[in-house]
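Numbering (my numbering), first residue to last: 30 to 203.
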């Protein structure tokens, strides 16, 4: 039961996210994958040849964490990095044949689970919910930053402070 005081977007979104993760995790656990790893692999497959930083930004995931997830997926033989022929320092991401086969095999089960999740809603309500979620997310995308809510906001530089935050007033030592 949802308490009246919890009928706010942040709480409802968190609970809905918990439920979605639980449903997805049950299906992915036998493959030793998490929902986030699955999402990373899906993102790479939907935009093959993307750079790692670009793909991390697209998903709203910290670039370092994203790189670690790519390491895991690469270790499982599901994703590969290839040298960018135009910039040999850069790597492009691709899903391997094994990763493509796994997505092809699991996707119907995952989509069916999503349908069961939304079963309390009519078909029209499901479409409306998804459309509304997309609109809210796209309108507030500036808040979807890695670490948002867990890290202190970055301070903007103050022209009055220099060198370790000491104020330069001209009165020091006076």
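The C-beta atom is built at its ideal place from N, Cα and C for all residues, glycine as well.
Cβ neighbours of residue i in the same chain (closer than 6 Å, five flanking residues each side left out)
{"i": "residue 173", "result": "89"}
{"i": "residue 104", "result": "none"}
{"i": "residue 147", "result": "155"}
{"i": "residue 200", "result": "Model confidence at residue 200 stands at a pLDDT of 42, short of 50, so the residue's coordinates are unreliable and nothing is read from them."}
Residue i in three-state terms, based on DSSP
{"i": "residue 119", "result": "strand"}
{"i": "residue 73", "result": "helix"}
{"i": "residue 68", "result": "helix"}
{"i": "residue 147", "result": "coil"}
{"i": "residue 174", "result": "coil"}
{"i": "residue 128", "result": "helix"}
{"i": "residue 43", "result": "helix"}
{"i": "residue 89", "result": "coil"}
{"i": "residue 48", "result": "helix"}
Where residue i falls, given that 16 or more other Cβ within 10 Å makes a residue buried
{"i": "residue 128", "result": "buried"}
{"i": "residue 122", "result": "buried"}
{"i": "residue 53", "result": "buried"}
{"i": "residue 158", "result": "exposed"}
{"i": "residue 85", "result": "buried"}
{"i": "residue 57", "result": "buried"}
Counterpart residues of residue i in DSSP-defined beta bridges
{"i": "residue 110", "result": "122"}
{"i": "residue 80", "result": "121"}
First and last residue of the uninterrupted alpha helix (DSSP H) at residue i
{"i": "residue 152", "result": "152 to 168"}
{"i": "residue 35", "result": "Premise fails: residue 35 is in no alpha helix (DSSP H) and is neither H nor E."}
{"i": "residue 60", "result": "From DSSP, residue 60 is part of no alpha helix (DSSP H); its letter is neither H nor E."}
{"i": "residue 102", "result": "92 to 104"}
Beta-carbon contacts of residue i that lie in its chain and below 7 Å, excluding the five residues immediately before and after
{"i": "residue 112", "result": "120"}
{"i": "residue 66", "result": "98, 101 and 102"}
Own chain residues within Cβ distance below 8 Å of residue i, not counting five before or after
{"i": "residue 50", "result": "64"}
{"i": "residue 87", "result": "72, 76 and 79"}
{"i": "residue 166", "result": "173"}
{"i": "residue 107", "result": "70, 124, 125, 127, 128 and 131"}
{"i": "residue 61", "result": "105"}
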